[in-house]
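Encoded as structure tokens, the structure appears first; notes follow it.
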Amino acid sequence: MGNFSMESRAGEGPQAGGPEAARKGCVRPVGGSAYGSLDDAGNPFLGTIAVPTPALSSEAASRLEKWELQSVARFLLPGERIRGCCLHRIPGKETVDVYFSPSQNSAHYGNLITCASVWNCPVCSARISERRRELLARAVAAWEEQGGTVVLASYTFSHRRSDALSDTLPGFLAAQVWMTGHRPYKRVLEAFGIIGAIKALEVTWGIHNGWHPHAHVLLFLPLGVDVAALEAALYLVWSAAAKCCGLTMSREHGLKVQATYGQVAEYVAKWGHQPARRPWGTPDEMTKGHSKRAHRAELADSGYSPFDLLRWLIDTGESQPAGLFRQYAAAFKRRRQLTWSPGLAARLGVATEAEKSDEELADEIREESWVLAQIRFEGWRAVRLLNQRGQLLEVARSGDAAQLGVFLRRLVAELDERDRLQLERMAAARLARGWGVAEEASGA
Ligand SMILES: [Zn+2]
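Note that this note's numbering has the sequence shown beginning at 24, numbered continuously upward.
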């Protein structure tokens with residue numbers, strides 16, 4: 024375990040530039056984006072500091088991107104808990120702890136205040152969603168072991184570009200509650216032997232049709248069910264419920280049931296995962312504009328996820344995605360992301376895990392994890408102000424405390440240099456002002 028009290032560890036360990044990370048490293052600008060440069064406190068970032076990081080795999084780029092997206096979301100939602108997420112220690116804790124999980128080959132922080140928002144925060148969302156995804160996979164496997172199968176029903180309704188999410192989302196959720204609470208739906212469950220369901224709420228935004236709230240529902244049922252008949256029966260009850268709540272739909276788009284093992288397995292495997300984006304600063308920088316345009320065209324068809332809106336904002340600095348993300352955050356505040364039907368989790372042997380709150384999952388430490396390092400105030404200040412929270416975890420994924428120590432000491436030195444330059448600039452400015460006053464006085 025490394026204890027990064029800078030006083031005691033300064034000058035120890037391998038020299039800067041020694042670790043594999045730095046040898047293979049590329050230089051990544053810190054805090055720079057088209058949206059403007061913000062540090063992790065949401066303040067304008069002064070200058071570009073070159074911090075060596077390992078060559079990035081797409082998975083690593085995706086993990087790092089979460090922190091960049093979080094900085095932008097925090098800036099957009101200054102009144103929400105995301106404002107302080109993963110920046111400050113929990114009161115009473117002396118250090119920020121870095122945990123390493125060998126079985127997962129992952130690293131994460133302990134003793135930090137988190138916002139636990141699956142909707143607003145790309146960092147907390149990834150953490151919570153990963154635990155929930157593991158649970159979904161266990162639930163599906165448990166039911167299949169009992170001889171059953173799972174199908175995926177996707178519910179939506181007709182909407183227009185001008186519809187406000189604050190109007191359509193409550194209507195959609197009310198229709199879902201209306202449907203599941205009434206006898207016709209329960210008769211469908213009984214007729215097809217459905218023992219329970221897990222519902223995931225999602226939303227995308229499209230250029231042509233605006234906000235698109237929808238729900239994906241895993242239905243647990245016996246093998247051999249006539250899927251076409253099930254879809255027809257569910258459509259009848261869903262369209263009736265939607266009509267009661269003032270929504271309309273077409274047979275083509277209102278409900279779709281997917282029943283192949285591959286479709287369900289793929290849905291569970293991808294659930295909660297953000298698609299990886301190409302890393303910044305790679306050698307194909309020249310083609311980035313083109314790939315961004317291609318990505319944007321693809322999104323225009325498939326719809327932007329809320330975190331795609333943040334990517335759009337970072338790429339262009341336009342105001343539209345900022346406004347859309349704020350609308351989304353307001354509409355989804357305090358909504359449940361995943362809902363289990365009563366009794367299902369207990370029947371599948373996962374009741375304790377299914378009952379865990381977002382807050383519990385965001386702060387949960389995996390059992391097999393151990394503390395790789397404890398970072399004191401000075402070290403954490405450097406990590407924060409140089410926007411290196413994600414990069415530090417990438418280094419920690421090696422499980423090598425000495426390598427992490429080198430990385431951390433380099434950050435502290437970088438910040439010292441930045442502070443020194445800033446002080447020099449301030450002193451020079453004071454001196455210049457002083458001379459100006461002296462010249463005016465002598466001129467008078
Ligand atoms: Zn958070």
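A virtual CB, placed ideally from N, CA and C, is assigned to each residue, including glycine. Since we're looking at a predicted model, the values are computed, not measured.
(request) Have a look at H205, E168, L361 and A162 and flag the residue whose alpha-carbon is nearest the alpha-carbon of A238. (result) Working through the sequence shown from its first residue, we reach residue 238 at position 215. The shortest Cα separation from A238 among H205, E168, L361 and A162 belongs to L361.
(request) Return the first residue and the last residue of the beta strand (DSSP E) that D120 is part of. (result) The residue labelled residue 120 in the question sits at position 97 within the sequence shown. Unbroken beta strand (DSSP E) run through D120: V119 to S124.
(request) Using three-state DSSP, classify R433 as helix, strand or coil. (result) The sequence position of residue 433 within the sequence shown is 410, counting from 1. Three-state result, R433: helix.
(message) Between the region 194 to 204 and the region 343 to 357, can you find at least three pairs of beta-carbon atoms closer than 8 angstroms?
(response) Touching, no, given that fewer than three Cβ pairs across the two stretches are closer than 8 angstroms.
(request) Could you spell out where the beta strand (DSSP E) holding A223 opens and where it closes? (result) Here residue 223 is taken as the residue at index 200 of the sequence shown, counted from 1. Element bounds for A223: G219 to G229.
(message) Checking 9 angstroms against the spacing of the C-beta atoms, do L438 and I398 come in under that value?
(response) By 1-based counting over the sequence shown, the position of residue 438 is 415. By 1-based counting over the sequence shown, the position of residue 398 is 375. It is not a contact, given that the beta carbons lie outside the stated cut-off.
(message) Restricting to runs no shorter than 4 residues, where is the alpha helix (DSSP H) found entirely within the region 247 to 284?
(response) Counting whole runs of 4 or more residues, the region 247 to 284 contains the alpha helix (DSSP H) stretches 250 to 267 and 274 to 277.
(request) Starting from the C-beta of F355, find all residues in its chain whose C-beta is less than 6 angstroms away, skip the five residues before and the five after it, and write them out in chain order. (result) Reading the sequence shown from its first residue, position 332 is the one you call residue 355. Counting only Cβ-Cβ distances below 6 angstroms, and skipping sequence neighbours, we find W142.
(message) Taking the straight line between their C-alpha atoms, what separation do you get for G204 and Y178?
(response) Within the sequence shown, numbered from 1, the residue matching residue 204 stands at position 181. Within the sequence shown, numbered from 1, the residue matching residue 178 stands at position 155. For G204 and Y178, the distance between alpha carbons rounds to 16 angstroms.
(request) Work out the CA separation of F180 and S273 for me, nearest whole Å. (result) On the sequence shown, position 250 is the one that residue 273 refers to. On the sequence shown, position 157 is the one that residue 180 refers to. Distance between the alpha carbons of S273 and F180: 7 angstroms.
(request) Confirm, please, whether the CB-CB distance from L395 to Y122 is below 9 angstroms. (result) Here residue 122 corresponds to residue number 99 of the sequence shown, with the count starting at 1. Here residue 395 corresponds to residue number 372 of the sequence shown, with the count starting at 1. Yes; because the gap between Cβ atoms is below 9 angstroms, this pair is in contact.
(message) Give me the DSSP bridge partner(s) of Y327.
(response) Numbered from its first residue, the sequence shown carries residue 327 at position 304. Partner residues in the beta bridge of Y327, as assigned by DSSP, are W228.
(message) If I measure Cβ to Cβ from A368 and keep anything under 6 angstroms in the same chain, skipping five residues before and after, which residues do I get?
(response) Residue numbering aside, residue 368 sits at position 345 when the sequence shown is read from its first letter. Contacts found: A374 and A377.
(request) Check whether the Cβ of Q343 lies closer than 8 angstroms to any heavy atom of ligand 2, and answer yes or no. (result) By its list of ligands, the structure shown excludes ligand 2, since it contains just ligand 1.
(request) Inspect the beta-carbon positions of C109 and Y132 and report whether they are closer than 9 angstroms. (result) Your numbering for residue 109 matches position 86 in the sequence shown. Your numbering for residue 132 matches position 109 in the sequence shown. Their beta carbons are under 9 angstroms apart, which means C109 touches Y132 by this criterion.
(request) Enumerate in chain order the residues of its own chain whose CB-to-CB distance from A282 is below 7 angstroms, with the five nearest sequence positions on each side excluded. (result) Reading the sequence shown from its first residue, position 259 is the one you call residue 282. The beta carbon of A282 is closer than 7 angstroms to those of V174 and V250 in its chain, skipping five residues each way along the sequence.
(request) Answer with buried or exposed for V211, where buried requires no fewer than 16 other C-beta atoms within 10 angstroms of its C-beta. (result) On the sequence shown, residue 211 is found 188 positions in, with the first residue counted as 1. So V211 counts as buried.
(message) For R301 and E341, what's the separation of their Cα atoms in angstroms?
(response) Position 278 of the sequence shown holds residue 301. Position 318 of the sequence shown holds residue 341. Low confidence applies to R301: its pLDDT is 38, below 50, so where it sits in the model is not reliable enough to give any reading.
(request) Say yes only if the C-beta of V512 is nearer than 8 angstroms to one or more non-hydrogen atoms of ligand 1, and no if none qualify. (result) This structure cannot settle anything about residue 512, because the visible part of the chain is limited to 24 through 467.
(message) Taking the straight line between their C-alpha atoms, what separation do you get for P114 and N134?
(response) Position 91 of the sequence shown, counted from the start, is the residue given in the question as residue 114. Position 111 of the sequence shown, counted from the start, is the residue given in the question as residue 134. The straight-line gap from Cα to Cα measures roughly 9 angstroms.
(request) Note the first and the last residue of the continuous beta strand (DSSP E) segment covering Q199. (result) Your numbering for residue 199 matches position 176 in the sequence shown. Note, Q199: premise wrong, no beta strand (DSSP E); alpha helix (DSSP H) at L188 to T203.
(request) Check the C-beta distance from L409 over to V95 and give it rounded, since I have them as a contact under 8 angstroms. (result) Your numbering for residue 409 matches position 386 in the sequence shown. Your numbering for residue 95 matches position 72 in the sequence shown. Not a contact, Cβ separation roughly 17 angstroms.
(message) Distance check for R358 and L61, CA to CA, integer angstroms please.
(response) If you number the sequence shown from 1, residue 61 lands on position 38. If you number the sequence shown from 1, residue 358 lands on position 335. With a pLDDT of only 45 at L61, under the threshold of 50, the placement of this residue in the model should not be trusted; the figure read from the coordinates follows. A straight-line Cα-Cα distance of about 29 angstroms links L61 and R358.
(request) May I ask whether a heavy atom of ligand 1 can be found less than 8 angstroms away from the beta carbon of N143? (result) By one-based count along the sequence shown, residue 143 stands at place 120. Yes, the beta carbon of N143 sits closer than 8 angstroms to at least one heavy atom of ligand 1.
(request) Starting from A130, trace the alpha helix (DSSP H) both ways and give me its first and last residue. (result) Along the sequence shown, read from residue 1 onward, the residue named residue 130 stands at position 107. First-last for A130: S129 to G133, but that is the beta strand (DSSP E), not the alpha helix (DSSP H).
(message) If distances are taken between C-alpha atoms only, which option among D120, N128 and Q93 comes closest to S140?
(response) Here residue 140 refers to the residue found at position 117 of the sequence shown. Of the candidates D120, N128 and Q93, the one whose C-alpha sits nearest the C-alpha of S140 is Q93.
(request) Could you name the residues of the same chain whose beta carbon sits closer than 6 angstroms to that of A162, not counting the 5 residues immediately before and after it, in chain order? (result) The residue you call residue 162 lines up with position 139 of the sequence shown. The answer, listed in chain order, is L371 and V373.
(request) Using beta-carbon positions only, say whether G219 and P365 come within less than 9 angstroms of one another. (result) Stepping through the sequence shown from its first residue, residue 219 is reached at position 196. Stepping through the sequence shown from its first residue, residue 365 is reached at position 342. A contact, by the Cβ cut-off of 9 angstroms.
(message) Could you check whether the Cβ of R412 sits closer than 8 angstroms to any heavy atom belonging to ligand 1?
(response) Translated into positions along the sequence shown, residue 412 becomes position 389. No - ligand 1 has no heavy atom lying nearer than 8 angstroms to the Cβ of R412.
(request) Determine the direct distance from the alpha carbon of T137 to that of R112, and round the result to whole angstroms. (result) Walking along the sequence shown from the start, residue 112 turns up at place 89. Walking along the sequence shown from the start, residue 137 turns up at place 114. Rounded to whole angstroms, R112 to T137 spans 9 angstroms at the Cα level.
(message) Shorter than 8 angstroms, the distance from the beta carbon of Q93 to the closest heavy atom of ligand 1, or not?
(response) Residue mapping note: residue 93 aligns to position 70 of the sequence shown, counting from 1. Yes - ligand 1 has a heavy atom lying nearer than 8 angstroms to the Cβ of Q93.
(request) Pull up the distance between the alpha-carbon of Q169 and that of D338, whole angstroms please. (result) Translated into positions along the sequence shown, residue 169 becomes position 146. Translated into positions along the sequence shown, residue 338 becomes position 315. Rounded to the nearest angstrom, the two C-alpha atoms are 48 angstroms apart.
(message) Following a CB-centred definition, is I105 positioned closer than 8 angstroms to any heavy atom of ligand 1?
(response) Counting from 1 along the sequence shown, the entry for residue 105 is found at position 82. Under cutoff, so the answer is yes.
(message) Within a Cβ cutoff of 7 angstroms, which residues of the same chain sit near D381, ignoring the five residues on either side of it in sequence?
(response) Stepping through the sequence shown from its first residue, residue 381 is reached at position 358. The answer, listed in chain order, is A139, V141 and I151.
(message) I need the DSSP call for F400, collapsed to helix, strand or coil.
(response) As a first step, residue 400 must be located in the sequence shown, where it is residue number 377. The three-state secondary structure of F400, taken from DSSP, is helix.
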